[in-house]
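Trainee: In my numbering, the protein residues as written are 756 to 1361. Ideal Cβ placement from N, Cα and C applies to all residues, glycine included. Structure in structure tokens, see below.
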């Protein structure tokens, strides 16, 4: 039968979808335009297809209210279609018994307590990306869950983290996954504790001043245990049916399972999902996975393969979020260096708050892992330091490690520097050099789980973090803690790291040294100098230009032996700026600089 994409009636838009419990029972509503009859079945009626029928409303929607069913009820929809009888999970199910099990009527009531969390300003955010199953898994017989993760929140607080980004946590097949294969987009993975555990994690994170951002996957669904596939029996070209494109636009790197971004009901399905996380779960933001594959079939800039409906969908969602909750952040993974991703919708942009920045991570990682000093390109590093989108430094997220950068044939930065010997001097020095860049360049800094404890190897969903490394490398943890304090200006003398301004004013490609100026309003306690040495050579007296006279204090020296007993504790003491133009600055000063090290300098507030 042909598919008719008719506008949704007003009563459908206002009445909600899925299982909606209330004091007298539960209302069930599902979209199945090809069905000729729909019934609710489950253990409660011994899977009888007659006792609990749904009524056809309009536009392919079916609904009924049952007083005898409440939270905890397991159910499915039984669909009578021209292609046969089908038994399907609720597309809007907020809880399932497992990915191939039954839908569960979820009780939306949750005691949030005194949750009055306020999202930090985006220029103050420090993000820690984590994977629930491996972040903290104390029981070797199962993956970690949200309750386990709560046990380590105080550790993150001690580091200075004020935002966590959760890799996709919606229900997927089995118990081990990165999460980028969503089977039930509205349900939290039961092995992670389900929706109640997630709410408790958010509540506890908020109590500690930590924002929670969730990674969501809208570029494809499945492919495994995917009841959305040919949901009501209709399909074309052996495609996915009503929730998916059924032609060449369905093709993705993960199967022929791209949602149909042009169908009104599918657009609202995805929009409802985004708003549910932000409103019902009180999340503080969303990170949208691989949006290049939402706006283009191949994730490229080829206009012949563009998906205008995908572009307009994400723009609409961002507009809704900005109108309802302008303090909540949306982060795009596009990785194409496209200013329009974070440009305002009224300026023809897609409206994301920020985006992962390929213009930082690729050249910086290359500079860190390149074996020979002579091959490091300091001009590329300088461009990465100064890059921004639409003139706004905080429209980019900067990092050297993420789940993608430490897997898929790649490894942790320290591991790539010296495979099999990540805890030796060269990897420790150069990986922490990269960390210092992350926390001092303009942008929103992000680190990946385990980075602060020198986790080695590659990320895998079956290898939990070894928390013994946190004690073994406690000094490196202190290094990250100190960097984060400076980045957030917690001691009041590096406000410039919160500002928009950056200028690479010193670039020495021969010695592989560069320095840059950061400032917000300027002046003592604000203007901050970052001096970076990308070579295995020390400099007892290195001269750089300085913007102001007087004493410049060393706030951070990555070569301090307190960070690691193998570090040289090179003498890098405060310097007094002398008059005389240098690096186009009115003053200059000399300072000791260790190999592969970073110094951060500022003046005392007046």
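1. Can at least three beta-carbon pairs, one atom from the segment 1336–1349 and one from the segment 1306–1323, be found at a separation below 8 Å?
2. Once the 5 residues before and after residue 773 are set aside, which same chain residues still bring their CB inside 6 Å of it?
3. Report buried or exposed for residue 1179, applying the criterion of at least 16 other Cβ atoms within 10 angstroms of its Cβ.
4. Between the alpha carbons of residue 980 and residue 851, how many angstroms are there, rounded?
5. Whose C-beta lies closer than 7 Å to the C-beta of residue 1295 among residues of the same chain, with five residues either side of it excluded?
6. Comparing C-alpha positions only, which one of 1092, 1241 and 855 sits nearest to residue 1281?
7. Let's test the definition: count the other Cβ atoms within 10 Å of the Cβ of residue 1245 and tell me whether it reaches 16, buried, or not, exposed.
8. How many whole angstroms separate the CB atoms of residue 1151 and residue 1115, which I take to be in contact at a CB cut-off of 8 Å?
9. Figure out for me which residue from 778, 1333 and 1060 has the closest Cα to the Cα of residue 1302.
10. May I ask you to list the residues that DSSP assigns as paired with residue 885?
11. Go to residue 1069, then tell me how far its alpha helix (DSSP H) extends in each direction, as first and last residue.
12. So, with DSSP's three-state summary, where would you put residue 775?
13. Determine the extent of the alpha helix (DSSP H) in which residue 1031 is found, giving its start and end residues.
14. From 951, 812 and 925, pick the residue whose C-alpha is nearest to that of residue 862; which is it?
15. Which residue's Cα is closest to the Cα of residue 1174: 1126, 999 and 1146?
16. Measuring alpha carbon to alpha carbon, tell me which residue in 890, 820 and 1090 is nearest residue 812.
17. Would you report the Cα separation of residue 1341 and residue 1360, rounded to the nearest angstrom?
18. Residue 917 and residue 965: beta carbons closer than 7 Å?
19. In angstroms, rounded to a whole number, what distance separates the CA positions of residue 1353 and residue 1133?
20. Contact defined as beta carbons within less than 8 Å: I believe residue 877 pairs with residue 1108. What is the distance between those atoms, to the nearest angstrom?
21. For residue 767, does the three-state DSSP call read helix, strand or coil?
22. Given that a residue counts as buried once 16 or more other Cβ atoms are within 10 Å of its Cβ, and exposed if not, what is residue 920?
23. At what residues does the alpha helix (DSSP H) containing residue 957 begin and finish?
24. So what does DSSP say about residue 757, is it helix, strand or coil?
25. Taking only beta-carbon atoms, is residue 1262 less than 7 Å away from chain B?
26. What are the residues that DSSP puts in a beta bridge with residue 910?
27. Quick one, are the C-beta atoms of residue 961 and residue 870 less than 7 Å apart?
28. Output needed for residue 1021: all residues of its chain with C-beta closer than 7 Å, excluding positions within five of it in sequence on either side, in chain order.
29. Which two residues bound the contiguous alpha helix (DSSP H) that contains residue 903?
30. Does residue 1275 pass the burial test, meaning 16 or more other C-beta atoms within 10 Å, or should it be called exposed?
31. Taking the straight line between their C-alpha atoms, what separation do you get for residue 784 and residue 1042?
32. According to DSSP, is residue 1207 helix, strand or coil?
Mentor: Taking the coordinates as given:
1. yes
2. As a first step, residue 773 is located in the chain shown; it is residue number 18 there, counting from the start. Same-chain partners within the cutoff: 845 and 847.
3. Translated into the one-based positions of the chain shown, residue 1179 becomes position 424. The residue in question, residue 1179, is exposed, as its Cβ has fewer than 16 Cβ neighbours within 10 Å.
4. By one-based count along the chain shown, residue 980 stands at place 225. By one-based count along the chain shown, residue 851 stands at place 96. Each residue's Cα considered, the two are about 12 Å apart.
5. The count along the chain shown starts at 1 and reaches residue 1295 at position 540. Cβ within range, chain order: 1347.
6. Sequence index remark: in the chain shown, residue 1281 carries index 526 (1-based). The residue with the shortest Cα to Cα distance from residue 1281 is 1241.
7. As a position in the chain shown, residue 1245 is number 490, starting the count at 1. Under this definition residue 1245 is an exposed residue.
8. In the chain shown, the residue the question calls residue 1151 occupies position 396. In the chain shown, the residue the question calls residue 1115 occupies position 360. Right, the Cβ-Cβ distance comes to about 7 Å (below 8 Å), so this counts as a contact.
9. If you number the chain shown from 1, residue 1302 lands on position 547. It is 1333.
10. Here residue 885 corresponds to residue number 130 of the chain shown, with the count starting at 1. DSSP output for residue 885 lists 921 as bridge partner(s).
11. Residue mapping note: residue 1069 aligns to position 314 of the chain shown, counting from 1. Counting along the chain, the alpha helix (DSSP H) containing residue 1069 begins and ends at 1063–1079.
12. Counted from its first residue, the chain shown places residue 775 at position 20. Residue 775 falls in the strand class under three-state DSSP.
13. Taking the first residue of the chain shown as 1, we reach residue 1031 at position 276. Run containing residue 1031: 1019–1034, per the alpha helix (DSSP H) assignment.
14. The residue labelled residue 862 in the question sits at position 107 within the chain shown. Among 951, 812 and 925, the Cα nearest to that of residue 862 belongs to 951.
15. Within the chain shown, the letter at position 419 stands for residue 1174. Per the Cα distances, 1126.
16. Mapped onto the chain shown, residue 812 falls at position 57. Among 890, 820 and 1090, the Cα nearest to that of residue 812 belongs to 820.
17. Here residue 1341 refers to the residue found at position 586 of the chain shown. Here residue 1360 refers to the residue found at position 605 of the chain shown. Roughly 20 Å between the two C-alpha positions.
18. Taking the first residue of the chain shown as position 1, residue 917 is located at position 162. Taking the first residue of the chain shown as position 1, residue 965 is located at position 210. Yes, these two residues count as a Cβ contact at 7 Å.
19. Here the question's residue 1353 lines up with position 598 in the chain shown. Here the question's residue 1133 lines up with position 378 in the chain shown. Roughly 14 Å separates the two Cα atoms.
20. For this step, residue 877 is matched to residue 122 along the chain shown. For this step, residue 1108 is matched to residue 353 along the chain shown. That belief holds up - the Cβ atoms of residue 877 and residue 1108 are roughly 7 Å apart, short of 8 Å.
21. As a position in the chain shown, residue 767 is number 12, starting the count at 1. Model confidence at residue 767 stands at a pLDDT of 38, short of 50, so the residue's coordinates are unreliable and nothing is read from them.
22. For this step, residue 920 is matched to residue 165 along the chain shown. It is buried - the Cβ of residue 920 has at least 16 other Cβ atoms within 10 Å.
23. As a working note, residue 957 is residue 202 in the chain shown. Start and end: 949–962.
24. To locate residue 757, count along the chain shown from 1; it is residue 2. Only weak support exists for where residue 757 lies, its pLDDT of 35 falling under 50; the value from the coordinates is given anyway. Three-state DSSP puts residue 757 in coil, outside helix and strand.
25. The structure shown contains no chain B; it holds only a single protein chain.
26. Mapped onto the chain shown, residue 910 falls at position 155. Beta-bridge pairing links residue 910 to no other residue.
27. Counted from its first residue, the chain shown places residue 961 at position 206. Counted from its first residue, the chain shown places residue 870 at position 115. Cβ atoms of residue 961 and residue 870: closer than 7 Å.
28. Locating residue 1021 in the chain shown gives position 266, where the first residue counts as 1. The answer, listed in chain order, is 998, 1014 and 1015.
29. Here residue 903 refers to the residue found at position 148 of the chain shown. Taken as a continuous stretch (DSSP letters only), the alpha helix (DSSP H) holding residue 903 covers 901–905.
30. As a working mapping, residue 1275 is identified with position 520 in the chain shown. Buried.
31. To locate residue 784, count along the chain shown from 1; it is residue 29. To locate residue 1042, count along the chain shown from 1; it is residue 287. Going from the Cα of residue 784 to the Cα of residue 1042 covers about 29 Å.
32. Translated into the one-based positions of the chain shown, residue 1207 becomes position 452. Correct three-state label for residue 1207: helix.
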